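In what follows, a structure is listed as structure tokens, so that the remarks can point back to it.
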Amino acid sequence: MLEAYIDDSALENYYVLAGYIASSENWKIIEKNWQTLLDQYNMTVFKLRNEVTSGAKRKRCEKFYRIIEENVICAISVMVSKRDLTEVVNEVIPPPNVTDWNKLNNPYYFALRALVQHVNINLEKLGIDEHVKFIFDYQTEAIHLKENWKYMYESVTEDLRKLLDREPIFMNDNEKLALQTADMWAGFVRKWAAQGLDEPVKNLDFRAIKFNWDPKKDLLRAHISITKEDIMKEFLKAKDIHISRYLSYRFS
């Protein structure tokens, strides 16, 4: 089974949802080696924000990244503009049977949908057709994610739905070390976004965010920056789906 560990990172207008996918067997290897490094540096938990305060810590961060680099299948990330999302919510009239339309005025729904779609696309490229279990850091707004997962699950294609659980799983990164890897990737993507940089995500340009080391492996990456046009299309699609179900229920 494949497992995707996901964390979020937000800065001003940008919201990032990101993490890594690996087999359950490889996650065990990652966590074992991760714990060894934590013990070596007398750390209880890895947080990227703590690794930017000195050159020595940035170098230490590289050792953690090498564990990830050698064991995961791919890195996944999605970036959403909160401003664009709010504008679309205000422009689109909700369908008659939906009373909680404004709950979609947060980035989770679109980040989730884009995330699972790109996971599916990239697994197909690798010839992998396996169930993906998504595990989120409990701090990533568990309530919102759970609510919006329902919308996402109901609106994706049947083929994609087969790869997903009906509900996401939440764990604490103090207890599940794999989630600390997601904190790292989400933090990297957020830092690139803060500089208006999308291309470094594709190029793994760590030096652009002052981490003075280079990747040793060209890790498969799936990254998308969601535009206002993307958000509008998804809103209209979701609206059509709900109206169709509403009419079917009312008049059948």
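0 is the number of the first residue of the sequence shown in numbering that gives the first Met the number 0; add one for each residue after it. Even for Gly, the Cβ is constructed at its ideal location relative to N, Cα and C. Being a predicted model, the structure only gives us computed values, none of them experimental.
Using a Cβ-Cβ cut-off of 8 Å (strictly less than) and excluding sequence neighbours within five positions of Ile120, which residues of its own chain qualify? The residues are Ala221.
Of the residues Asn173, Ala181, Lys27 and Phe63, which one's Cα is nearest the Cα of Phe210? Residue Phe63 is the option with its Cα nearest to Phe210.
Can you look up Lys132 in the DSSP assignment and give me helix, strand or coil? DSSP places Lys132 in strand when its eight states are reduced to three.
Does the pairing of the segment 43-54 with the segment 83-93 give three or more beta-carbon distances under 8 Å? Output reads no: the segment 83-93 does not touch the segment 43-54.
Pull up the CB-CB distance for Leu1 and Ile20, whole angstroms please, since I reckon it's below 8 Å. Confirmed, Cβ separation roughly 6 Å.
Taking the alpha-carbon positions, what's the Ala193 to Ala110 distance? Taking the straight line joining both Cα atoms gives about 17 Å.
What residue range does the alpha helix (DSSP H) around Ser80 cover? Per DSSP, Ser80 is not a residue of any alpha helix (DSSP H); the beta strand (DSSP E) it occupies stretches across Cys73 to Ser80.
Collapsed DSSP secondary structure at Ile127 in the structure displayed: Here Ile127 sits in coil by DSSP.
Using 8 Å as the threshold, is the C-beta distance between Val200 and Trp212 below it? For the 8 Å CB-CB criterion, Val200 and Trp212 do not form a contact.
Can you tell me which of Arg112, Leu159 and Asn105 puts its alpha carbon nearest to the alpha carbon of Asp321? Examination of residue 321 is not possible in this model, given that the chain is present from 0 through 251 alone.
Assess contact between the segment 25-43 and the segment 63-72, defined as three or more Cβ pairs (one per stretch) separated by less than 8 Å. Is contact present? Yes, the segment 25-43 is in contact with the segment 63-72.
Please classify Gly262 as buried or exposed, where buried requires at least 16 neighbouring CB atoms within 10 angstroms. Residue 262 lies beyond the residue range present for the chain, which begins at 0 and ends at 251; the question has no answer from this structure.
Helix, strand or coil at Leu253 [DSSP, three-state]: Nothing can be reported for residue 253: it is not among the residues displayed for the chain, which extend from 0 to 251.
Roughly how many angstroms lie between the CA atoms of Asn104 and Asn25, to the nearest whole one? Distance between the alpha carbons of Asn104 and Asn25: 36 Å.
For Pro214, count neighbouring C-beta atoms within 10 Å of its own C-beta (all shown protein chains included) and say buried if the count is 16 or more, exposed if not. Taking all protein chains in view, the Cβ of Pro214 is surrounded by fewer than 16 other Cβ atoms within 10 Å, so the residue is classified as exposed.
Where Ile75 and Glu174 are concerned, what is the direct C-alpha to C-alpha distance, given to the nearest angstrom? The alpha-carbon separation between Ile75 and Glu174 amounts to approximately 22 Å.
Can you say whether Thr156 is buried or exposed, counting buried as having 16 or more other CB atoms within 10 angstroms of its CB? So Thr156 ends up on the exposed side.
Expressed to the nearest angstrom, what Euclidean distance is found between the alpha-carbon atoms of Ser23 and Glu86? Roughly 40 Å between the two C-alpha positions.
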